[in-house]
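So this note's numbering is basically just the index in the sequence shown, starting at one, shifted up by 41.
Beta carbons: idealized from backbone N, C-alpha and C, even for Gly.
Structure record follows, encoded as structure tokens.
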Amino acid sequence: MSDCIFCRIATGDLPANLAYEDEDVVAFHDLHPQAPTHILVIPRQHFSTLLDMEEEQTLLLGKLQRAAIEIARQQGLDQEGFRVVTNCLESAGQSVFHLHVHLLGGRAFTWPPG
Ligand code: AMP
42 MSDCIFCRIA
52 TGDLPANLAY
62 EDEDVVAFHD
72 LHPQAPTHIL
82 VIPRQHFSTL
92 LDMEEEQTLL
102 LGKLQRAAIE
112 IARQQGLDQE
122 GFRVVTNCLE
132 SAGQSVFHLH
142 VHLLGGRAFT
152 WPPG
């Protein structure tokens, strides 16, 4: 989608600080980091929200999680821990409607989240 900023990042049309990419997945540093490490992991293909993920997207969902795990290791977060979260729709805090996984680390997090 040409009007989607994350689609534009995935195609290289919009610059981003990339952390990882493969055939299906792109990851880049968040523009407004909420933790010392804050990386967004997205599918190259456009899906607006988690609710668009049907059974045929099961493998892709796994790839997003696997990428987050590998990036966490690369960032040295595998000893102290990290958080992986997806906001779905506005009340959960979703502001960009291209599915993405937040990988957050480098500080302690509270629970429940705000
Ligand atoms: P969410 O609020 O869960 O939809 O998360 C969207 C995230 O995208 C926010 O943390 C924003 O800071 C981040 N963001 C928005 N535009 C960009 C961009 N061009 N490059 C990197 N991160 C962005």
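CB-CB length for residue i against residue j, believed under 8 Å
i      : j      : result
Phe123 : Gly146 : 4 Å
Leu140 : Pro74  : Rounded, the Cβ-Cβ distance is 20 Å, inconsistent with contact.
Leu55  : Ile46  : 6 Å
Ala109 : Val67  : With 8 Å as the limit, Ala109 and Val67 do not qualify as a contact, their Cβ atoms being about 12 Å apart.
Where the beta strand (DSSP E) containing residue i begins and where it ends
i      : result
Thr151 : Run containing Thr151: none; DSSP gives neither H nor E here.
Leu59  : 59-62
Ala68  : 66-70
Range of the contiguous alpha helix (DSSP H) that encloses residue i
i      : result
Leu102 : 99-115
Ala51  : 46-52
Strand pairing of residue i, partner residues [DSSP]
i      : result
Arg124 : Leu145
Pro84  : Val66
His73  : None, per the DSSP bridge assignment.
Thr78  : Gly146
Any non-hydrogen atom of the ligand AMP closer than 7 Å to residue i Cβ
i      : result
Val137 : yes
His141 : yes
Phe69  : yes
Ile83  : no
Residue i at chain E interface by Cβ criterion, 8 Å
i     : result
Val66 : Among the chains in the structure shown there is no chain E, since it carries only a single protein chain.
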